[in-house]
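Residue numbers (the working numbering): 684 to 946. Structure record follows, encoded as C-alpha cells.
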C-alpha cells in the first residue's frame, strides 16, 4: 500500500514522524557507521542520526574508531532536525555537559571539592577543565602564596571549590586557594595538637618522676633509725657542719659531730 503513496504523501509522513521529536530531547540510537568525522546512528523512529566528531567530546589523542563500535548504543541530545534530508543532528557533548553541570552546581551548593586540570595559562589566571567543561581560575584563587608565573601550574591537577556558576554567560569560577588554605590550616592544627600532646606527655613524665622520687624519699626516710650506721656523700660544707646525701635525703653532720678533735 505504501508503494502507491505519492512523493508528497511520503514527505508528509516523514514530517509527521519527525514532528514527534524535538530539539533538546535525549535520543538513543545504534552506531551504523564510524567515520573520521563522526558517527551515523540508526534511530528507532526510522531515521538516521549524525553526531559530528566535534560533538563527541573526544579527548586529545582519542580515536573515534577505538571508542565506538558498530551496533553500540549511543545517547545524545538532539540539536537540529532537517526535514529536507530527514537527518537528525545529535550531540553527545551536550548530554555530558548537562550531567556535568549538575555535578558542578551540586559542588557549589554543597561546598564539595572537584578535581580540575589546568591546561592554559593567562596573565590573570588559568583555564582549567572539569570533564566536559572549561572553567576559569583567577590568579588570586590559584594558591595561598603570591603567584608570579601562572605557567608553573599548567599540566597540574588541582582540587578546587566552585565559587560561581553562570550558564548563560558560560562562566564558571573555581578556587584552589581555598582548598590549599584548608590543608595549610589543618597541618598547622595538627602541629599544634602534636606539640600540645608532646608537652603534656613531658609534663606527665616529669610529674611521674617527681612522684617516684618523692615516694623513694619517703620510703628512705621511713627506713632510717636512730643509732644505725649509714654511708653517704658530702654534698656541701658550711661553717656549722657538712651536708651528706644518704641516697635521696640529705642529713646534716654538725661540726661538733664531725670529729673527736677540733675541726
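The C-beta atom is built at its ideal place from N, Cα and C for all residues, glycine as well. Predicted model only: the values in this text are computed from it and were never measured.
Q.
Closest to residue 751 by C-alpha separation, out of 785, 713 and 783, would be which residue?
A. The residue you call residue 751 lines up with position 68 of the chain shown. It is 713 whose Cα lies nearest to the Cα of residue 751.
> Is residue 820 buried or exposed, if buried means 16 or more other CB atoms sit within 10 Å of its CB?
Replying inline: In the chain shown, residue 820 corresponds to position 137, counting from 1. Burial check for residue 820: the Cβ neighbour count within 10 Å reaches 16 or more, so the residue is buried.
Three-pair Cβ contact test at 8 Å for the stretch 720-735 versus the stretch 751-761: Yes, since at least three Cβ pairs between the stretch 720-735 and the stretch 751-761 fall closer than 8 Å, the two stretches touch.
Who are the Cβ neighbours of residue 837 in its own chain at under 8 Å, not counting the five residues just before and after it? Against the chain shown, residue 837 aligns to sequence position 154. Closer than 8 Å at Cβ, skipping near neighbours: 801, 802, 803, 804 and 809.
* To do: Can you give me the Cβ contacts of residue 933 inside the same chain, cut-off strictly under 6 Å, excluding the 5 residues immediately before and after it?
  => Reading the chain shown from its first residue, position 250 is the one you call residue 933. Hits under 6 Å: 926.
| Length-filtered (4 minimum) alpha helix (DSSP H) runs lying within the stretch 728-756 | The DSSP assignment places complete alpha helix (DSSP H) segments of no fewer than 4 residues inside the stretch 728-756 at 747-750, in order along the chain.
If you follow the alpha helix (DSSP H) that residue 892 is part of, which residue opens it and which one closes it? As a first step, residue 892 must be located in the chain shown, where it is residue number 209. Looking at the DSSP string, the run of the alpha helix (DSSP H) that includes residue 892 is 860-906.
Can you list, in chain order, the residues of its chain whose CB lies under 6 Å from that of residue 707, leaving out five sequence neighbours each side? Taking the first residue of the chain shown as position 1, residue 707 is located at position 24. Closer than 6 Å at Cβ, skipping near neighbours: no residue.
* Kindly indicate which three-state DSSP category residue 684 falls into: helix, strand or coil? => To locate residue 684, count along the chain shown from 1; it is residue 1. Because residue 684 carries a pLDDT of 41, less than 50, the predicted location of this residue cannot be relied on, and the following value inherits that uncertainty. Shown here, residue 684 sits in coil according to DSSP, grouped into three states, outside any helix or strand.
Please classify residue 876 as buried or exposed, where buried requires at least 16 neighbouring CB atoms within 10 angstroms. Residue numbering aside, residue 876 sits at position 193 when the chain shown is read from its first letter. An exposed status is given to residue 876, since fewer than 16 other beta-carbon atoms sit within 10 Å of its beta-carbon.
Q. Do you know offhand how far residue 829's Cα is from residue 781's?
A. As a position in the chain shown, residue 829 is number 146, starting the count at 1. As a position in the chain shown, residue 781 is number 98, starting the count at 1. One C-alpha to the other measures close to 35 Å.
Exercise. Name the DSSP bridge partner or partners of residue 926?
Worked result: Position 243 of the chain shown holds residue 926. Its beta-bridge partners are 919 and 935.
query: CA-CA distance, residue 850 and residue 887?
result: Locating residue 850 in the chain shown gives position 167, counting from the first residue. Locating residue 887 in the chain shown gives position 204, counting from the first residue. Each residue's Cα considered, the two are about 59 Å apart.
In or out: residue 941 buried (at least 16 other Cβ within 10 Å) or exposed? On the chain shown, residue 941 is found 258 positions in, with the first residue counted as 1. Residue 941 comes out exposed.
From residue 904 to residue 879, what does the alpha carbon distance come to, in whole angstroms?
-> Taking the first residue of the chain shown as 1, we reach residue 904 at position 221. Taking the first residue of the chain shown as 1, we reach residue 879 at position 196. Per the coordinates, the alpha-carbon of residue 904 lies some 37 Å from the alpha-carbon of residue 879.
Exercise for review: Thinking residue 733 and residue 772 are a contact (beta carbons under 8 Å), I'd like their distance in whole angstroms, please.
Suggested key: As a working note, residue 733 is residue 50 in the chain shown. As a working note, residue 772 is residue 89 in the chain shown. Yes, residue 733 and residue 772 are in contact; Cβ-Cβ is about 6 Å, under 8 Å.
Where residue 786 falls: helix, strand or coil (DSSP):
For this step, residue 786 is matched to residue 103 along the chain shown. Looking at residue 786 - three-state DSSP - the assignment turns out to be helix.
Residues that DSSP places opposite residue 821 in a beta bridge:
Counting from one through the chain shown, the residue named residue 821 turns up at place 138. Residue 821 pairs with 808.
Report the residue from 823, 797 and 860 whose alpha carbon sits nearest the alpha carbon of residue 655. A query on residue 655 cannot be resolved here, the shown segment of the chain reaching from 684 to 946 and no further.
request  = Take the Cβ of residue 906 as the centre, count every other Cβ of all protein chains shown within 10 Å, and call the residue buried at 16 or more, exposed below.
outcome  = Mapped onto the chain shown, residue 906 falls at position 223. The residue is exposed, with fewer than 16 neighbouring Cβ atoms inside 10 Å.
Review point. For residue 670, which of 789, 791 and 730 has the nearest alpha-carbon?
Key: The structure shown does not extend to residue 670, since the chain spans only 684 to 946, so no value can be given for it.
*asked:* Relative to the C-alpha of residue 825, which candidate in 814, 816, 841 and 815 has its C-alpha closest?
replied: Counting from one through the chain shown, the residue named residue 825 turns up at place 142. Selected option, being the one with the closest Cα: 841.
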